[in-house]
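Structure first, commentary second.
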Ligand SMILES: [Zn+2]
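In our numbering, the protein residues as written are 150 to 477.
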């Protein structure tokens with residue numbers, strides 16, 4: 150449904166903006182989910198980049214643990230964390246690539262979704278204890294947390310899955326190596342999340358209406374007449390995800406990724422509701438991080454991640470744009 154509607158809008162409006170509202174398209178929050186949307190992100194904190202298109206049953210496919218972040222170094226954490234204003238990392242990270250760093254980043258995402266689900270009944274956020282799968286079938290070459298080293302283990306092809314107790318979706322964590330995600334690994338993660346739904350404990354009865362990828366912009370968005378229009382963002386993991394979604398047809402409905410408004414390939418413009426932006430980014434009068442995003446992810450930025458309510462000069466934006474590569 151979503152795919153067909155957006156496909157029609159994209160095709161009809163061609164390069165002019167097909168303006169949609171995620172909430173306007175959404176089915177009633179109290180009705181049963183009718184289709185599944187897969188949101189694919191390289192790191193636990195990218196989810197808001199596609200928030201405008203989220204539907205009712207959402208599977209967040211997180212390709213890495215984000216364990217390379219500098220904010221897991223205790224000296225950096227000390228400068229970025231403001232525990233009187235925001236949630237501290239839990240557990241306290243003991244360095245980049247440390248197990249505590251991975252766990253803290255996963256917990257931040259789970260708590261972010263839990264808090265968002267408090268104001269949007271469609272969002273999965275009430276998670277059962279996680280299930281670790283057996284090694285999943287390899288289809289697109291090796292998958293490896295540490296590429297370039299001879300350290301691939303069978304654990305690299307497992308997933309940790311948090312299923313929402315109210316059938317609103319799930320979070321599937323892969324562990325494919327923060328900073329060295331390859332296109333093949335991204336393809337494997339997406340294909341596995343779609344093809345191994347039963348093994349992952351996901352709802353197998355719902356048709357998949359969309360696969361949506363996180364934001365990347367590798368030319369700085371300098372194409373607009375007013376100069377830079379977008380947040381320049383070309384981390385290798387995000388580019389690998391974009392290549393995967395551009396090059397491989399997953400036959401899973403609308404296949405799209407977040408991009409700059411100036412991207413000549415973009416065909417969808419969508420807006421996150423004011424309510425959802427507030428739920429994620431609200432700041433109190435004393436600087437308290439009240440929104441789910443600023444509260445749980447604040448330790449990953451010197452102060453906290455800001456949202457652009459106009460334009461795209463921050464990494465997180467209310468107005469969102471997507472290219473669509475396949476829609477079937
Ligand atoms: Zn990211």
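Just so you know, even glycine gets a beta-carbon here, dropped at the ideal spot from N, CA and C.
Let me know the secondary structure DSSP gives residue 448 once reduced to three states.
As a first step, residue 448 must be located in the chain shown, where it is residue number 299. Of the three classes helix, strand and coil, the one that applies to residue 448 here is helix, per DSSP.
When DSSP builds the beta bridges, which residues end up paired with residue 456?
Against the chain shown, residue 456 aligns to sequence position 307. Partner(s): 465.
Every unbroken alpha helix (DSSP H) inside the stretch 184 to 208 [4 residues or more]
none
With distances taken from CA atoms, which of 210, 364, 425 is nearest residue 322?
Translated into the one-based positions of the chain shown, residue 322 becomes position 173. It is 210.
Confirm, please, whether the CB-CB distance from residue 285 to residue 341 is below 8 Å.
Position 192 of the chain shown, counting from 1, holds the residue named residue 341. Position 136 of the chain shown, counting from 1, holds the residue named residue 285. Yes, they are a contact pair.
Which residue comes first and which comes last in the alpha helix (DSSP H) that contains residue 336?
The residue given as residue 336 occupies position 187 in the chain shown. It spans 332 to 344 - the alpha helix (DSSP H) in which residue 336 sits, taken as one unbroken run.
Check each candidate in 393, 222, 252, 195 and name the one with the smallest Cα separation from residue 279.
As a working note, residue 279 is residue 130 in the chain shown. The option with the nearest alpha carbon to residue 279 is 252.
Thinking C-beta only, is residue 476 closer than 8 Å to residue 388?
By one-based count along the chain shown, residue 388 stands at place 239. By one-based count along the chain shown, residue 476 stands at place 327. No, they are not a contact pair.
If you measure from each CB to the nearest heavy atom of ligand 1 and keep those under 5 Å, what residues do you get, in chain order?
191, 192, 195
Taking residue 221 as the reference, which of 232, 241, 212, 202 has the closest Cα?
Position 72 of the chain shown, counted from the first residue, corresponds to residue 221. Out of 232, 241, 212, 202, 241 has the C-alpha closest to the C-alpha of residue 221.
Would you kindly work out how many angstroms separate the C-alpha atoms of residue 427 and residue 238, rounded to a whole number?
Mapped onto the chain shown, residue 427 falls at position 278. Mapped onto the chain shown, residue 238 falls at position 89. The alpha-carbon atoms of residue 427 and residue 238 are separated by roughly 22 Å.
Do residue 206 and residue 317 have their C-beta atoms closer together than 8 Å?
As a first step, residue 206 must be located in the chain shown, where it is residue number 57. As a first step, residue 317 must be located in the chain shown, where it is residue number 168. Closer than 8 Å, so yes.
Please say whether residue 349 and residue 386 have beta carbons closer to each other than 8 Å?
Taking the first residue of the chain shown as 1, we reach residue 386 at position 237. Taking the first residue of the chain shown as 1, we reach residue 349 at position 200. Here residue 386 is not near residue 349, since their CB atoms are 8 Å or more apart.
Separation of residue 274 from residue 267, as counted between CA atoms
Here residue 267 refers to the residue found at position 118 when the chain shown is read from its first residue. Here residue 274 refers to the residue found at position 125 when the chain shown is read from its first residue. Using only the alpha carbons, I get a separation of about 8 Å.
Residue 300 classed as buried or exposed, judged by whether at least 16 other C-beta atoms fall within 10 angstroms:
Within the chain shown, residue 300 is the residue found at index 151, counting from 1. Exposed is the call here.
Given residue 472 as reference, the closest of 445, 437, 359 once Cα atoms are compared
As a working mapping, residue 472 is identified with position 323 in the chain shown. Comparing Cα positions, the closest option is 359.
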